[in-house]
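Every number in the numbering used here is 6 more than the matching position in the sequence shown, counting from 1.
Think of the CB as a built atom: it goes at the ideal place given N, C-alpha and C, for glycine as much as any other residue.
Predicted model only: the values in this text are computed from it and were never measured.
Data first, discussion second: the structure below is written as structure tokens.
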Amino acid sequence: MSIHTILAWLAGIIIAVISATGYVGIALLMAIESACIPLPSEIIMPFAGYLVSTGKLNIWWVATAGAIGCNIGSIAAYEAAKWGGRPFVARFGKYVLVSLEDLDRAQRFFERFGSAAVLVCRMLPVVRSFIAFPAGLARMNLVKFHVYTFVGSWPFCFALALVGRELGEAWQEDPRVKALFHQLDAVILGLIVIGGIGFVWHKLRQSSDDEQQIEEERKR
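Below, the structure is given as structure tokens:
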């Protein structure tokens, strides 16, 4: 199976959801990502941008829908941390590949920048999905949390959608783009498989360590 086939399958699902439900679909998919479920925004927003290149969507509303989705999904992570704390992450985080290490990384950002960390981290890959946890632990003011989440998420969503729009236009107009993807099929597919297996194995191992760490903390 080629990387072109995999991307086409994944793109088909995302595009089908967005095509059927429009901006609501974008918000829904980004809400899933912001709830720390492994559905990367780095895939969702560029494909939404691709639909912009076809004239079906407007890039400004695409970015806005994405940012709204980030706010909606963040509620789950915020409330989980607010009421469940670190033990909740240690017990259930493994089901969505979230570890205490991820939480600690986001918490360090929060301790360094305070409430503004929510705004800053929402513009950064990876850690952006976990910053709601320390905000919930700190019981950050909910209105400020959502304002910072939206303001930080919007430019991130816009940038990814812009990349998708430009690539979509190039894909349709320049046959060299398609040729390049075909030439790199095997290399990219191998990296994805190796990286995916390594990522999942690392996260599962972290989850086991997290449970042991929490158990030790309880005994102290």
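Check whether the Cβ atoms of residue i and residue j lie closer than 9 Å to each other.
| i | j | result |
| --- | --- | --- |
| L143 | G91 | yes |
| L109 | G158 | no |
| F136 | A83 | yes |
| I74 | A33 | yes |
| V23 | F164 | no |
| I65 | A138 | no |
| I4 | I20 | With the chain represented from 7 up to 226, any question about residue 4 goes unanswered, as that position is not in the structure. |
Considering residue i, what are the terminal residues of the alpha helix (DSSP H) in which it resides?
| i | result |
| --- | --- |
| M146 | That residue, M146, is in no alpha helix (DSSP H); it is neither H nor E in DSSP. |
| G31 | Y29 to S40 |
| S59 | S47 to S59 |
| L125 | A122 to C127 |
How big is the Cα-Cα spacing for residue i and residue j?
| i | j | result |
| --- | --- | --- |
| E107 | E117 | 15 Å |
| R97 | A41 | 16 Å |
| E172 | P93 | 44 Å |
Shortest alpha-carbon distance to residue i belongs to which of the options?
| i | options | result |
| --- | --- | --- |
| F151 | A112, F115, I81 and F162 | I81 |
| G174 | I32, F94 and K62 | K62 |
| T155 | C42, D110, R114 and C127 | C127 |
| V169 | M146, E48 and V30 | E48 |
| E85 | W160, V153, L166 and P140 | P140 |
| A71 | F119, A122, L35 and L130 | L35 |
Taking buried to mean at least 16 other C-beta atoms within 10 Å of its own C-beta, is residue i buried or exposed?
| i | result |
| --- | --- |
| W89 | exposed |
| E39 | buried |
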